[in-house]
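Q: Residue numbers (the numbering used here): 427 to 578.
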Amino acid sequence: MVLKDVLQKYAKTEDQLIEILLDYQNVKSNHYITKEEIIEIASYLSIPESKVCSVLSFYTFFSDKPRGKHIIQVCKDVPCYVSSDINVLKIIERELGIRVNETTPNQQFTLEYTSCLGCCEAGPAMRINDKIYTHLTADKIKAILSEYRVYM
Ligand code: FES
427 MVLKDVLQKY AKTEDQLIEI LLDYQNVKSN HYITKEEIIE IASYLSIPES KVCSVLSFYT
487 FFSDKPRGKH IIQVCKDVPC YVSSDINVLK IIERELGIRV NETTPNQQFT LEYTSCLGCC
547 EAGPAMRIND KIYTHLTADK IKAILSEYRV YM
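#1: Mind listing, in chain order, the continuous alpha helix (DSSP H) runs of no fewer than 4 residues lying wholly within the region 518-545?
#2: Is any heavy atom in the ligand FES found nearer than 7 Å to the beta carbon of I501?
#3: Quick check: the region 475-489 against the region 506-525, are at least 3 beta-carbon pairs closer than 8 Å?
#4: For the alpha helix (DSSP H) that contains K477, what are its first and last residues?
#5: Check R493 in the structure and name its three-state DSSP category.
#6: Would you mind sorting G549 into buried or exposed? The rule is 16 or more other CB atoms within 10 Å of its CB.
#7: Is the CB-CB distance between R493 and T529 below 8 Å?
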């Protein structure tokens with residue numbers, strides 16, 4: 427789906443910006459927004475390009491760099507950190523052979539940090555694409571990752 431198709435679904439008002447970015451990034455391969463697309467979105471909404479850029483950089487679920495098919499975001503906020511006796515990030519890094527902010531060579535997984543996912547009482551937590559996983563343990567993380575590997 428091209429950007430024009432996504433834009434046509436939305437009113438030309440600034441309050442549609444986040445929805446447009448979410449929608450387009452979700453359907454686009456490699457799940458990121460380019461400089462040219464920022465210009466096109468700003469033009470469609472008649473807002474400054476800097477406004478689009480500031481929204482992209484503020485929210486951790488947006489990216490201006492190509493990412494993998496599955497985007498893993500590990501909560502880095504304090505409630506999750508203190509509720510855990512495991513290092514979620516290290517376990518995923520070891521399983522996938524990449525570091526945070528990297529993508530696997532087969533373009534299947536990108537690993538990122540995120541701020542609070544809104545389920546602090548059930549930490550540690552992570553999100554893969556649109557799905558949130560809580561009460562993580564080493565075994566649970568490995569099982570979850572193997573589910574996504576099936577669909578590679
Ligand atoms: S601090 Fe991790 S989900 Fe809120």
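All C-beta atoms, glycine included, are put in the ideal place defined by N, C-alpha and C. The model shown is predicted, which means the values in this text are computed figures rather than measured ones.
A: So, from the data block:
#1: none
#2: The sequence given here has Cys at residue 501, not Ile. C501: yes, Cβ under 7 Å from the ligand FES.
#3: Verdict: no, contact absent.
#4: 475-484
#5: coil
#6: Counting other Cβ atoms within 10 Å of its Cβ, G549 reaches 16 or more and is therefore classed as buried.
#7: yes
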